[in-house]
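Protein chains: 2
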Amino acid sequence: MIGTPPRQGASRRGFLGAAAGTLGGAMLAGTAGATPPPLMHGPGLATEPFHGAHQSGITTPAQRHVYFVAFDIVTDKRSDVQDLLRRWSEDAARLTAGLPLAGADSADQAPVDSNEAAGLGPQRLTLTIGFGAGLFARDGVDRFGLAARRPEALIDLPRFNGDQLLPEKTGGDLCVQACADNAQVAMHAARHLARVGYGVVQPRWAQAGFGAGAKPGETPRNLMGFKDGTMNPDPRDPGAMAHHVWVGDEGGWMKGGSYLVARPIRIALEHWDRMKLGFQEQVVGRHKASGAPLGGMHEFEPMKLDATDADGNFIIPENSHARLGAPEINDGAQILRRAYSYDNGLAHIAERWPPWRQGMFMDAGLLFLAWQRDPRSGFVKIFENMAKFDMMNQFVTHIGSGLFACPPGARPGGFVGETLFAA
Amino acid sequence: MIGTPPRQGASRRGFLGAAAGTLGGAMLAGTAGATPPPLMHGPGLATEPFHGAHQSGITTPAQRHVYFVAFDIVTDKRSDVQDLLRRWSEDAARLTAGLPLAGADSADQAPVDSNEAAGLGPQRLTLTIGFGAGLFARDGVDRFGLAARRPEALIDLPRFNGDQLLPEKTGGDLCVQACADNAQVAMHAARHLARVGYGVVQPRWAQAGFGAGAKPGETPRNLMGFKDGTMNPDPRDPGAMAHHVWVGDEGGWMKGGSYLVARPIRIALEHWDRMKLGFQEQVVGRHKASGAPLGGMHEFEPMKLDATDADGNFIIPENSHARLGAPEINDGAQILRRAYSYDNGLAHIAERWPPWRQGMFMDAGLLFLAWQRDPRSGFVKIFENMAKFDMMNQFVTHIGSGLFACPPGARPGGFVGETLFAA
């Protein structure tokens with residue numbers, strides 16, 4: 005046999021060489037190929053840490069692609085769940101570092117690695133794990149002895165005006181957000197975690213998404229053609245993150261974690277595309293090209309919410325998206341959005357709003373992923389008004405929803421969720 | 005108003021400057037922003053030609069992303085169709101070159117450009133247009149006076165063993181294949197062509213896809229984890245392309261064109277992932293890590309189809325995918341595959357093969373896009389046997405299908421389809 009499995013403690017360079025060898029060709033028993041392929045190179049090699057005080061994938065600069073998957077837990081044994089979280093954390097630490105998965109292949113077993121990401125590099129992969137309400141109790145049953153530890157902040161989200169939530173895109177006892185700069189790397193990682201979870205968890209819903217790939221420092225555009233994320237708090241500002249994103253001392257085992265609201269939001273792109281430019285800008289409250297607030301010149305200048313035109317009407321309309329989302333209107337509430345677009349081709353859809361048509365439409369929109377310290381003072385606070393009054397609601401439909409408590413990061417040798425299970 | 009619309013005849017550099025200005029911020033009536041954003045830079049700037057003897061997107065080195073869409077024609081007027089093809093060709097020439105679309109925005113009209121690709125660059129965008137049988141006649145009606153010009157090679161594909169074609173993923177009177185190195189750029193281009201076709205065409209089915217992003221010169225892996233495309237004829241070999249891909253003198257108005265078979269093929273990834281490595285390699289007929297034929301050492305070495313083991317069994321099994329696809333088995337037939345993976349999240353699926361289960365499964369697989377001079381001696385020739393005998397059929401299901409006659413490339417000032425409509 006050519007090559008040996010990488011061992012803990014090898015140098016980083018050694019690990020990467022072994023990684024390339026394992027995944028690329030030289031290690032499989034009975035497989036030909038005497039020369040290991042060259043080391044990976046280029047931007048695919050960049051990594052994000054897995055271990056730390058916080059999970060990665062939250063304040064990490066957004067990668068190009070996401071694969072989000074929510075799972076139902078199908079076991080009744082607490083140890084199964086804990087073992088899986090440990091396995092997920094171990095494998096996630098390897099995948100995110102570009103290391104081969106533990107174990108050697110043989111012809112008589114299913115491969116350790118499904119292999120479609122072989123040679124592509126870690127691609128800044130992050131794997132972020134979260135807990136839905138069903139981990140703590142389902143149908144009133146405390147399956148895992150965790151019911152008493154359900155955080156108060158892990159509420160059942162209220163029904164918002166306009167919600168059209170499909171059961172097959174809603175909920176989940178666990179979730180994994182896999183982000184990477186390569187779509188196949190993100191999908192591979194999520195698929196691997198699903199695969200090692202057979203018998204313990206079962207995928208419930210999933211959605212792949214992509215970012216625009218704007219240049220560094222530029223705000224990417226979403227499928228409505230507008231810049232999206234201008235108002236985000238700055239993930240590089242620890243104070244802002246401590247205030248708006250990371251759970252503090254109030255959180256017990258969730259301290260250092262964050263709450264994720266995940267919602268696929270379909271956008272009626274065909275409808276939107278026929279709207280006049282001026283109306284689109286009224287709906288958003290910003291100029292389409294520059295991203296500046298209506299009446300303004302530059303993307304990042306403050307919104308003048310009180311400014312009126314000659315007739316006394318607000319220049320940034322009362323029911324515009326930007327106004328309704330502004331911290332000034334929401335007692336200072338802010339959430340950290342890490343939104344991706346999604347695109348599942350076409351689907352048969354009946355519109356509930358004008359033009360009330362049926363047919364094949366783009367099954368595309370926004371995979372809304374928003375992080376916050378507490379959803380009650382974050383997403384719920386902001387979205388309650390928006391769901392009622394936002395002019396944008398003519399064009400968007402929330403078709404799924406999940407709220408997940410994402411624990412603090414794992415320590416080396418530990419696992420995500422240790423603060424919950426170990427206590 | 006700041007800036008002026010770009011004009012025909014401006015220099016390329018002028019165009020790009022104007023493009024950045026238009027799309028990026030400075031031109032919209034009533035929109036602020038005195039300084040045009042900087043020119044686009046980096047790899048996003050690379051372009052592929054639109055005009056030429058052949059359409060691009062066929063022998064073009066595969067881009068990272070595809071958005072494929074098939075349309076029904078909803079008009080009965082021949083001139084509507086011809087006008088649309090001219091408009092598509094004009095806009096495609098601009099989009100692929102990174103130029104702004106013709107026309108200036110005003111607040112009182114829908115925007116010329118939906119804008120989500122603003123600033124991202126052309127990203128090697130190609131737009132490839134094809135004609136389905138329905139352009140020539142539908143339900144026996146010669147809607148556009150083109151029935152007599154339907155090429156013999158534009159057959160109705162036979163029903164293949166195992167086909168489970170969904171009507172909503174099958175057929176189409178016209179198609180557009182948009183490929184680019186950025187997902188949002190590919191989708192934007194397809195969406196734009198759909199948008200300018202309102203009232204003439206209506207999207208019938210669509211599928212986004214992604215490539216692995218392998219390093220140049222390496223064969224990418226598909227979602228089964230195997231290298232995919234090793235046996236392709238070399239697109240850089242004009243002789244091979246003339247023989248296998250481009251329609252010759254036999255084709256009349258199709259001379260210089262090519263036939264596209266487009267099929268979304270679902271892969272039962274969860275099932276596949278549980279198979280032993282040795283069995284996976286028997287199914288494919290190749291080693292998973294190296295891509296070498298079974299019994300071989302290197303990806304590109306010839307398959308020894310006659311080699312047997314000590315018991316007299318073929319080393320490359322009789323019903324393996326690689327053997328059944330080999331030119332030696334198919335009277336020399338070869339097709340040029342430009343396959344992408346697709347991933348629509350999860351779907352409710354009932355398996356027709358073992359393990360006969362129902363539930364939520366990955367709605368993912370291969371968007372098979374194969375080019376050939378004549379489908380009768382190309383895809384049909386190769387796939388008839390494969391559909392019956394390929395061991396891989398346990399894991400893959402063809403869920404949609406289209407066959408499209410893709411005409412030769414347009415000349416500058418002309419349009420794709422001119423050879424058909426002008427004669």
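In order, the protein sequences belong to chains A and B.
End of the first sequence = 427 in my numbering, gap-free, step of one.
End of the second sequence = 427 in my numbering, gap-free, step of one.
From the three backbone atoms N, C-alpha and C, an ideal C-beta is built for every residue, glycine too.
All values derive from a computational prediction rather than experimental measurement.
Test: residue i CB closer than 8 Å to a CB of chain A
| i | result |
| --- | --- |
| residue 381 of chain B | no |
| residue 211 of chain B | yes |
| residue 113 of chain B | yes |
| residue 341 of chain B | no |
| residue 352 of chain B | yes |
| residue 408 of chain B | no |
| residue 348 of chain B | yes |
| residue 499 of chain B | As shown, chain B starts at 5 and ends at 427. That puts residue 499 of chain B outside it, with no answer to give. |
| residue 398 of chain B | no |
| residue 364 of chain B | yes |
| residue 109 of chain B | yes |
Contact under 8 Å by Cβ, residue i with residue j
| i | j | result |
| --- | --- | --- |
| residue 237 of chain A | residue 86 of chain A | no |
| residue 350 of chain A | residue 327 of chain A | no |
| residue 329 of chain A | residue 271 of chain A | no |
| residue 273 of chain B | residue 285 of chain B | no |
| residue 245 of chain A | residue 409 of chain A | no |
| residue 137 of chain A | residue 154 of chain A | yes |
| residue 197 of chain B | residue 276 of chain B | no |
| residue 70 of chain B | residue 213 of chain B | yes |
| residue 226 of chain A | residue 345 of chain A | yes |
| residue 167 of chain A | residue 128 of chain A | no |
| residue 191 of chain A | residue 347 of chain B | yes |
| residue 289 of chain B | residue 320 of chain B | yes |
| residue 133 of chain B | residue 180 of chain B | yes |
| residue 55 of chain B | residue 414 of chain B | yes |
| residue 122 of chain A | residue 280 of chain B | no |
| residue 266 of chain A | residue 406 of chain A | yes |
| residue 416 of chain A | residue 423 of chain A | no |
C-beta neighbour in chain B for residue i, strict 8 Å
| i | result |
| --- | --- |
| residue 32 of chain A | Only weak support exists for where residue 32 of chain A lies, its pLDDT of 33 falling under 50; the coordinates are left without a value. |
| residue 292 of chain A | yes |
| residue 385 of chain A | no |
| residue 308 of chain A | no |
| residue 314 of chain A | no |
| residue 37 of chain A | Caution applies to residue 37 of chain A, whose pLDDT of 33 falls short of 50 and renders its modelled position unreliable; the model cannot decide the point. |
| residue 411 of chain A | no |
| residue 436 of chain A | Outside the displayed range of chain A (5 to 427) lies residue 436 of chain A, so it cannot be described from this structure. |
| residue 345 of chain A | yes |
Option nearest residue i by Cα separation, candidates the options
| i | options | result |
| --- | --- | --- |
| residue 342 of chain A | A/263, A/294, A/380 | A/263 |
| residue 323 of chain B | B/163, B/133, B/389 | B/389 |
| residue 130 of chain A | A/376, A/90, A/189 | A/189 |
| residue 99 of chain A | A/242, A/193, A/243, A/425 | A/193 |
| residue 365 of chain A | B/76, B/164, B/54, B/80 | B/76 |
| residue 201 of chain A | A/345, A/61, A/88, A/217 | A/88 |
| residue 261 of chain B | B/51, B/62, B/54, B/52 | B/62 |
| residue 84 of chain B | B/185, B/205, B/135, B/115 | B/205 |
| residue 81 of chain B | B/161, B/140, B/133 | B/140 |
| residue 374 of chain B | B/250, B/126, B/422, B/287 | B/250 |
| residue 48 of chain A | A/104, A/126, A/116 | A/126 |
| residue 403 of chain B | B/334, B/171, B/123, B/161 | B/171 |
| residue 252 of chain B | B/266, B/157, B/144 | B/157 |
| residue 391 of chain A | A/162, A/114, A/106 | A/162 |
Chain D within 8 Å of residue i, Cβ atoms only
| i | result |
| --- | --- |
| residue 98 of chain B | The chain inventory of the structure shown lacks chain D, comprising the protein chains A and B. |
Item to check | Under 7 Å (Cβ pairs) to chain B, residues found in the stretch 63-78 of chain A | outcome: none
Item to check | Contact set between the stretch 155-175 of chain A and chain B, restricted to residues whose Cβ is under 9 Å from the partner | outcome: 172, 173
Next on the checklist: For the stretch 212-223 of chain A, list every residue whose C-beta sits within 9 Å of some C-beta in chain B, in sequence order.
Outcome noted: 212, 214, 215, 216, 217, 218, 219, 222
Next on the checklist: Suppose only complete runs of 4+ residues qualify. What are the alpha helix (DSSP H) ranges in the stretch 257-282 of chain B, listed by chain order?
Outcome noted: 273-276
Item to check | Contact residues within the stretch 226-255 of chain A, judged by C-beta distance below 8 Å to chain B | outcome: 226, 227, 228, 229, 230
Next on the checklist: Restricting to runs no shorter than 4 residues, where is the alpha helix (DSSP H) found entirely within the stretch 174-252 of chain B?
Outcome noted: 187-200, 242-248
Next on the checklist: To be precise: take each residue of the stretch 263-293 of chain A, compare its Cβ to all Cβ atoms of chain B, and keep it if any distance is under 9 Å. Which residues remain?
Outcome noted: 268, 273, 274, 276, 277, 278, 279, 280, 281, 282, 283, 284, 285, 291, 292, 293
Checklist entry - For the stretch 119-131 of chain B, which residues have a CB atom closer than 9 Å to at least one CB atom of chain A, in sequence order? => result 119, 120, 121, 122, 123, 124, 127
Checklist entry - Just by C-beta distance, which residues in the stretch 175-191 of chain A are closer than 8 Å to chain B? => result 186, 187, 188, 191
Checklist entry - Which ranges would you report for the beta strand (DSSP E) in the stretch 64-121 of chain A if only whole runs of at least 3 residues count? => result 69-77
Next on the checklist: At 4 residues or longer, what runs of the alpha helix (DSSP H) sit wholly inside the stretch 367-401 of chain A?
Outcome noted: 383-393
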